[in-house]
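Just below is one structure, and these are the notes that go with it.
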Amino acid sequence: MAEEISKPLSATNKVTMVSSGGSDIGAAKLTGEVLDIMTKLPETIEKLTGVNISQ
740 MAEEISKPLS ATNKVTMVSS GGSDIGAAKL TGEVLDIMTK LPETIEKLTG
790 VNISQ
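Sequential numbering of the sequence shown, starting at 740, is according to the numbering used here.
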């Protein structure tokens with residue numbers, strides 16, 4: 740799952756992260772964003788399709 744989520748990033752030449760100073764920046768921020776997506780994905784897929792991919 741992580742491979743598919745992060746696949747678009749492999750073709751990226753430049754990433755610009757904008758921060759208001761109240762949270763992580765750089766690689767820590769990007770990693771956290773990918774992990775947030777992975778955490779929410781199984782529940783979202785189940786709500787949309789009725790398929791539980793966690794089993």
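Cβ coordinates follow ideal geometry from the N, Cα and C atoms, glycine included.
In this structure the stretch 747-762 does not touch the stretch 784-792; the number of beta carbon pairs closer than 8 Å is below three.
Shown here, residue 761 sits in coil according to DSSP, grouped into three states, outside any helix or strand. The beta-carbon distance between residue 762 and residue 781, rounded to whole angstroms, is 25 Å. This is too long to meet the 8 Å contact definition. Taking a contact as a CB-CB distance under 8 Å, the pair residue 774 and residue 756 does not count as one, their CB atoms being some 15 Å apart.
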